[in-house]
Amino acid sequence: MDCREFCDKHVAFVDDTLAGIELVRMQRHIAECESCAKHDAKVRRALLIFRNLPSIELSAGFSQRLEARLRRECQSEDLFANTQRNLRRGAIAATLASAAMLGYIATTLYESDSPRDLVMPPVVASLPEPELTPITTSTPAIVASVSAGLTIWPAALFAEQVPTRFAHSKLELANYTR
Amino acid sequence: MADIVRKQMVAVEGATVRERLQAMDDSAVVTAFLGGEERAFSELVTRYQTRLLNFVYRTIGDREKAEDLVQEVFIRVYRHLHRFDRSKKFSTWVYTIASNLAKNELRNRSRNPLVLFQTVQKNFQDEDRPLQFEDPNSRPDDMYRKRHLREIVEESVAKLPEHHRNVFILRELEGKSYEEIAEITDCNLGTVKSRLNRARNSFAEIIAPYVD
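Structure (structure tokens):
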């Protein structure tokens with residue numbers, strides 16, 4: 024066995040978990056190698072000191088504090104259970120209400136599907152009033168001709184013959200006399 | 003008169019239950035608690051409180067904080083015990099919770115140097131560290147040497163890297179098997195052995211000048 028193998032197996036050697044043959048080989052190596060023997064002694068001594076470290080004890084109020092915290096935990100657990108219960112009740116109520124609503128909607132829809140006479144309001148017909156659309160003339164000079172092939176009349180004469188509904192048009196008599 | 007008899011009977015019954023719980027293994031105590039026996043939880047606390055305190059204290063090095071964390075461990079156990087896989091060892095589960103909390107605490111400290119500073123300062127002010135473990139009949143120089151040695155050991159452990167220290171404490175202080183340590187620290191067996199080897203060697207190197 025070389026020192027490297029010894030170091031690799033040292034954990035198991037210290038913990039006494041090596042198989043018989045391996046254990047003998049390790050012991051033989053220690054007997055032969057001073058450096059590994061020193062290392063082994065150093066580790067074992069250090070571990071002995073650590074394992075004999077005095078135990079830490081709990082402070083006086085530890086149990087009371089833990090009890091208080093556990094009690095609080097229980098209370099919050101109860102509160103949580105109550106909330107859960109209330110939520111469950113609420114959920115049941117909501118489900119029932121939804122079911123009732125759905126039933127109502129379904130019934131309404133079913134009834135509306137059946138054929139029925141329509142009652143419509145009476146229709147009253149009335150004659151619409153004639154619309155008076157004013158004919159606008161931009162200038163009196165435009166109406167100075169007629170498309171019937173007649174001779175052109177003076178605009179002033181035509182203006183005299185227009186119906187009264189054109190009265191609002193701004194026509195001016197032309198004065199051809201000087 | 004009837005009241006007294008009833009109280010005595012309840013007391014006797016309580017004592018019997020406690021004795022019965024004490025005789026049970028962890029798994030049976032857990033089953034009793036889940037079956038509605040509230041006193042079973044006290045039994046679990048009694049079994050683990052000191053061991054957990056030592057484990058957490060050696061890992062984080064702050065006594066007060068260690069107590070807080072141990073309380074937190076029990077609160078979590080109480081809260082989640084119904085989810086515990088009873089085919090596994092209860093102690094491994096408890097140590098896993100404690101180990102994770104201790105790890106978080108160390109991580110928080112490294113992120114927040116102020117917390118570390120406060121902790122260190124508190125420890126320096128805390129001159130009334132427990133001396134009851136030391137023999138009061140010892141000579142003053144012996145007591146000093148013992149206290150000094152204890153401080154050196156604690157400091158040496160604190161110098162180990164976190165993941166080495168965790169494995170080291172679980173093995174050397176709590177006597178956990180490699181398999182249990184692997185489960186608690188969420189590592190494979192090879193890693194556990196390698197870390198343990200390194201931690202032992204480092205610790206031996208650090209402490210050697212003081213004990214030679």
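Top line first, the protein sequences correspond to chains A and B. According to this note's numbering, the first sequence is numbered sequentially starting from 24. According to this note's numbering, the second sequence is numbered sequentially starting from 3. Quick reminder that beta carbons are idealized off the backbone N, C-alpha and C, glycines included.
Pairwise C-alpha distance: V66/A and R51/A: Sequence index remark: in the first sequence, residue 51/A carries index 28 (1-based). Sequence index remark: in the first sequence, residue 66/A carries index 43 (1-based). C-alpha separation (whole angstroms): 18 Å.
message: Beta-carbon within less than 8 Å of F135/B's beta-carbon, same chain only, minus the 5 sequence neighbours each way: which residues are those?
response: Counting from one through the second sequence, the residue named residue 135/B turns up at place 133. Confidence in F135/B is poor, its pLDDT being 41 and thus under 50, which makes the residue's placement unreliable; the coordinate value appears in the next sentence. Excluding positions up to five away in sequence, the list is empty.
query: To the nearest whole angstrom, what separates the beta carbons of S56/B and I79/A, a pair I think is in contact under 8 Å?
result: The residue labelled residue 56/B in the question sits at position 54 within the second sequence. The residue labelled residue 79/A in the question sits at position 56 within the first sequence. The sequence given here places Asn at residue 56/B; Ser does not occur at that position. The Cβ separation is near 5 Å, so the contact holds.
message: Taking only three categories from DSSP, how would you classify K90/B?
response: Counting from one through the second sequence, the residue named residue 90/B turns up at place 88. In the structure shown, K90/B sits in coil (DSSP, three-state: anything other than H, G, I, E or B).
- prompt: According to a CB-to-CB cut-off of less than 7 Å, which residues of the stretch 56-89 of chain A neighbour chain B?
  reply: K65, V66, R68, A69, L70, I72, F73, R74, L76, P77, S78, I79, E80, L81, S82, F85, R88, L89
query: Does the beta-carbon distance from V37/A to L89/A come in below 9 Å?
result: Here residue 37/A is taken as the residue at index 14 of the first sequence, counted from 1. Here residue 89/A is taken as the residue at index 66 of the first sequence, counted from 1. For V37/A and L89/A, no; Cβs fall outside 9 Å.
Cβ-based burial, V155/B [other Cβ within 10 Å; buried from 16]: What you label residue 155/B is simply residue 153 of the second sequence in a count that begins at 1. Flag for V155/B reads buried.
Alpha-carbon spacing of G192/B relative to E185/B, whole angstroms: Here residue 192/B refers to the residue found at position 190 of the second sequence. Here residue 185/B refers to the residue found at position 183 of the second sequence. Their backbone Cα atoms lie some 12 Å apart in a straight line.
query: Which residues in the same chain as R197/B place their Cβ atom closer than 7 Å to its Cβ, once the five residues preceding and following it in sequence are excluded?
result: The residue you call residue 197/B lines up with position 195 of the second sequence. Correct list, in chain order: H165, H166, V169.
message: Going by DSSP in three states, A148/A sits in which element: helix, strand or coil?
response: Stepping through the first sequence from its first residue, residue 148/A is reached at position 125. Coil.
query: Can you tell me whether DSSP reads I53/A as helix, strand or coil?
result: The count along the first sequence starts at 1 and reaches residue 53/A at position 30. Reduced to three states, the DSSP call for I53/A is helix.
Buried or exposed (CB count within 10 angstroms, at least 16 for buried), V146/A: For this step, residue 146/A is matched to residue 123 along the first sequence. Counting Cβ neighbours within 10 Å, V146/A comes out exposed, since fewer than 16 surround it.
field: Residues that Q73/B contacts on chain A, provided the C-beta gap is smaller than 7 Å
entry: What you label residue 73/B is simply residue 71 of the second sequence in a count that begins at 1. Under the 7 Å cutoff, chain A gives R88, L89, R92.
- prompt: Using a C-beta cutoff of 9 Å, does C30/A count as contacting chain B?
  reply: To locate residue 30/A, count along the first sequence from 1; it is residue 7. It does; some Cβ of chain B falls within 9 Å.
- prompt: Per the contact definition of three or more C-beta pairs closer than 8 Å, is the stretch 78-92 of chain B in contact with the stretch 23-36 of chain B?
  reply: yes
CB contact check: Q24/B to chain A, cutoff 9 Å: Working through the second sequence from its first residue, we reach residue 24/B at position 22. So, not an interface residue.
query: Cα separation between F43/B and E69/B?
result: As a first step, residue 43/B is located in the second sequence; it is residue number 41 there, counting from the start. As a first step, residue 69/B is located in the second sequence; it is residue number 67 there, counting from the start. Taking the straight line joining both Cα atoms gives about 18 Å.
- request: Hey, could you find the ends of the alpha helix (DSSP H) I208/B is sitting in?
  value: Along the second sequence, one-based indexing puts residue 208/B at 206. Segment 191-213, the alpha helix (DSSP H) holding I208/B.
- prompt: Buried or exposed: I44/A, going by 16 or more other Cβ atoms within 10 Å of its Cβ?
  reply: In the first sequence, counting from the first residue as 1, residue 44/A sits at position 21. Exposed: under 16 other Cβ atoms inside 10 Å.
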